[in-house]
Amino acid sequence: MPALERYAVIGHPVAHSLSPRIHALFARQTRQSLSYVALDVPPERLAAQVQEFFSGGGRGLNVTVPHKQAVMPLLDGLTQRAQRAAAVNTIARHAAAGLLGDNTDGVGLVRDLVHNLHLTLRARRILLVGAGGAARGVLGPLLELEPAELVIANRSLERAAALAHECTQRTGVIPVRAVELGALATMEFDLIINATAASLHDEVPALPPDVVRSAKVCYDLAYGRHDTVFMRWARGHGAGAVHMGLGMLVEQAAESFQLWRGVRPDTAPVLAALRTAGAQP
Ligand code: NDP
Numbered sequence: 039m040p041a042l043e044r045y046a047v048i049g050h051p052v053a054h055s056l057s058p059r060i061h062a063l064f065a066r067q068t069r070q071s072l073s074y075v076a077l078d079v080p081p082e083r084l085a086a087q088v089q090e091f092f093s094g095g096g097r098g099l100n101v102t103v104p105h106k107q108a109v110m111p112l113l114d115g116l117t118q119r120a121q122r123a124a125a126v127n128t129i130a131r132h133a134a135a136g137l138l139g140d141n142t143d144g145v146g147l148v149r150d151l152v153h154n155l156h157l158t159l160r161a162r163r164i165l166l167v168g169a170g171g172a173a174r175g176v177l178g179p180l181l182e183l184e185p186a187e188l189v190i191a192n193r194s195l196e197r198a199a200a201l202a203h204e205c206t207q208r209t210g211v212i213p214v215r216a217v218e219l220g221a222l223a224t225m226e227f228d229l230i231i232n233a234t235a236a237s238l239h240d241e242v243p244a245l246p247p248d249v250v251r252s253a254k255v256c257y258d259l260a261y262g263r264h265d266t267v268f269m270r271w272a273r274g275h276g277a278g279a280v281h282m283g284l285g286m287l288v289e290q291a292a293e294s295f296q297l298w299r300g301v302r303p304d305t306a307p308v309l310a311a312l313r314t315a316g317a318q319p
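Here the sequence shown is numbered in the working numbering, starting from 39 and rising by one per residue.
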């Protein structure tokens with residue numbers, strides 16, 4: 039019997055990752071024979087581990103915190119969306135072209151918003167809170183939905199301003215601007231996306247409650263067994279619908295799976311299975 043084709047997620051820590059479970063469900067559903075494991079790789083082992091994995095026959099890696107930027111110089115090429123995000127969450131090995139880095143986070147979020155949650159974002163107003171790696175990764179795909187405006191707010195205003203400036207220079211068509219968190223009190227949005235890491239520390243970004251009260255939908259990129267602290271806070275302040283990033287996680291995984299295997303899994307039953315299990319590895 040031929041050896042199983044090998045895939046893995048590398049991160050540090052990574053034991054909490056749902057990716058092995060998600061990819062096992064995709065493989066079963068699409069009748070693909072593969073193995074997918076979580077590898078805890080400290081930063082000082084990153085280069086050696088990536089090299090060992092692929093020279094030992096590994097076919098693809100997912101990359102998570104804290105390696106999404108650090109892995110980039112180790113690769114032979116980057117897709118346009120990985121270049122735009124300045125971060126890699128998926129690596130595929132190609133016989134001719136070597137190791138290709140991609141970023142499926144942004145397209146994963148958009149698929150969750152549009153296909154799973156049935157949101158229309160064309161000509162709507164979007165607030166993106168946060169200016170870290172995840173915010174950068176989702177910006178391009180969000181702008182492709184042609185919102186009326188996209189506002190970026192962040193604890194450190196200068197990071198939001200730099201991101202908005204970069205975006206305006208690149209696309210230029212849709213208004214993208216940075217504002218201070220406090221200045222949001224008088225503004226209204228159709229969708230508020232929390233792309234900060236605050237929920238991971240059980241904190242909520244210092245948003246004025248009024249901005250959430252007027253929002254139709256609030257979405258936290260973070261996810262867990264229970265509603266995140268941001269979801270509870272937003273609901274408590276009268277937000278319309280409130281969602282966590284579990285759908286994004288499954289959709290970005292499906293995009294990676296398709297890149298590796300050429301088959302697109304049906305994400306709905308996988309998302310349902312994870313929800314039933316309480317989003318546990
Ligand atoms: P980064 O460390 O790159 O960025 C952190 C961001 O959060 C910065 O904007 C930072 O602000 C802000 N921040 C951190 N703590 C607080 C706080 N207490 N209050 C306000 N702002 C805060 O993280 P990532 O961008 O990689 O990840 C962000 C989130 O996205 C995480 O929760 C992660 O789990 C989630 N994520 C979810 C995915 C999914 O598939 N659902 C995929 C990828 C990420 P400042 O600049 O001021 O420091």
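Cβ coordinates follow ideal geometry from the N, Cα and C atoms, glycine included. This structure is a prediction, so every number in the text was calculated from the model and none was measured.
Query raised in the report: Can you give the beta carbon distance from G139 to A120, rounded, assuming they're within the 8 Å contact cut?
Result: Position 101 of the sequence shown holds residue 139. Position 82 of the sequence shown holds residue 120. About 5 Å; that satisfies the 8 Å criterion.
Query raised in the report: In angstroms, rounded to a whole number, what distance separates the CA positions of Y257 and P40?
Result: The residue labelled residue 257 in the question sits at position 219 within the sequence shown. The residue labelled residue 40 in the question sits at position 2 within the sequence shown. Their Cα atoms are separated by approximately 43 Å.
Query raised in the report: Considering only the beta carbon of each residue, do L166 and I212 sit closer than 8 Å?
Result: By one-based count along the sequence shown, residue 166 stands at place 128. By one-based count along the sequence shown, residue 212 stands at place 174. No. Outside cutoff.
Requested in this report: For my contact list, A233 and A186 are in at a C-beta cut-off of 8 Å; report their separation, rounded to the angstrom.
Outcome: On the sequence shown, residue 233 is found 195 positions in, with the first residue counted as 1. On the sequence shown, residue 186 is found 148 positions in, with the first residue counted as 1. Not confirmed; about 19 Å, so no contact.
Query - Environment of H132 [buried if 16+ CB atoms lie within 10 Å] - result: For the purposes of this step, residue 132 is taken as the residue at position 94 of the sequence shown. H132 comes out exposed.
Requested in this report: Can you tell me which of the three DSSP states H264 falls into?
Outcome: Here residue 264 refers to the residue found at position 226 of the sequence shown. Coil at H264, not helix or strand.
Query raised in the report: Going by alpha carbons, who is nearest to R325 out of L312, V103, E182, V75?
Result: Nothing can be reported for residue 325: it is not among the residues displayed for the chain, which extend from 39 to 319.
Query - Completely contained alpha helix (DSSP H) runs for the stretch 196 to 256, where each covers 4 or more residues - result: 247 to 251
Query - Start-to-end residues for the beta strand (DSSP E) that takes in H61 - result: Numbered from 1 along the sequence shown, position 23 holds the residue referred to as residue 61. First-last for H61: 57 to 68, but that is the alpha helix (DSSP H), not the beta strand (DSSP E).
**Report entry** Three-state secondary structure assigned by DSSP to H358
**Finding:** The structure shown has nothing for residue 358, since the chain only spans 39 to 319.
Query - DSSP bridge partner residues for A279 (one or two, in chain order) - result: Position 241 of the sequence shown, counted from the start, is the residue given in the question as residue 279. V255.
**Report entry** For L113, the three-state DSSP class (helix, strand or coil)
**Finding:** Along the sequence shown, one-based indexing puts residue 113 at 75. The answer is coil: DSSP assigns L113 none of H, G, I, E or B.
Query raised in the report: Where does A124 sit, in a helix, a strand or coil, going by DSSP?
Result: For the purposes of this step, residue 124 is identified with residue 86 of the sequence shown, where counting begins at 1. Residue state, collapsed to three classes: coil.
Query - Neighbourhood of D240 by C-beta, 8 Å cutoff - its chain only, sequence neighbours within 5 removed - result: Locating residue 240 in the sequence shown gives position 202, counting from the first residue. If we look at D240 and ignore the five residues flanking it on each side, its Cβ neighbours are V267.
Requested in this report: Check the Cβ-Cβ distances between A291 and every residue of chain B, and say whether any is below 8 Å.
Outcome: Absent here is chain B; the protein component of the structure consists of one chain.
Query raised in the report: Between L42 and L77, which are expected to be in contact by the criterion C-beta below 8 Å, what is the C-beta distance as a whole number of angstroms?
Result: In the sequence shown, residue 42 corresponds to position 4, counting from 1. In the sequence shown, residue 77 corresponds to position 39, counting from 1. Rounded, the Cβ-Cβ distance is 16 Å, inconsistent with contact.
Query - Three-state class that DSSP yields for L188 in the structure shown - result: In the sequence shown, residue 188 corresponds to position 150, counting from 1. Here L188 sits in strand by DSSP.
Query raised in the report: Taking the beta strand (DSSP E) that A46 falls in, what are its first and last residues?
Result: As a position in the sequence shown, residue 46 is number 8, starting the count at 1. It spans 43 to 49 - the beta strand (DSSP E) in which A46 sits, taken as one unbroken run.
Query raised in the report: Apart from the five residues just before and just after R302, which ones in its own chain have a Cβ nearer than 8 Å to its Cβ?
Result: What you label residue 302 is simply residue 264 of the sequence shown in a count that begins at 1. Within the same chain, R302 has close Cβ partners A292, F295, Q296.
Query raised in the report: Going by C-alpha distance, which of G278, S194, A310 is nearest F243?
Result: In the sequence shown, the residue the question calls residue 243 occupies position 205. In the sequence under discussion, the amino acid at residue 243 is Pro, which differs from the Phe named in the question. Minimum Cα distance to P243 is reached at S194.
Requested in this report: Check whether the Cβ of N192 sits closer than 7 Å to any heavy atom of ligand 1, and report yes or no.
Outcome: Here the question's residue 192 lines up with position 154 in the sequence shown. For ligand 1, at least one heavy atom lies less than 7 Å from the Cβ of N192.
Query raised in the report: Which residue's Cα is closest to the Cα of T68: T305, L309, R313, T314?
Result: Counted from its first residue, the sequence shown places residue 68 at position 30. Ranking T305, L309, R313, T314 by Cα distance to T68 puts T305 first.
Requested in this report: Mind listing, in chain order, the continuous beta strand (DSSP E) runs of no fewer than 3 residues lying wholly within the stretch 68 to 99?
Outcome: 72 to 78
Query - Beta-carbon proximity check, L188 vs L219, cutoff 8 Å - result: Stepping through the sequence shown from its first residue, residue 188 is reached at position 150. Stepping through the sequence shown from its first residue, residue 219 is reached at position 181. No, they are not a contact pair.
Query - Which of helix, strand or coil DSSP assigns to A130 - result: Mapped onto the sequence shown, residue 130 falls at position 92. Strand at A130.
**Report entry** Cβ-based neighbour list, G290, same chain, cut-off 6 Å, excluding 5 preceding and 5 following
**Finding:** Counting from one through the sequence shown, the residue named residue 290 turns up at place 252. The residue asked about is misnamed: residue 290 is Gln in this sequence, not Gly. T142, D143, G146, listed in sequence order.
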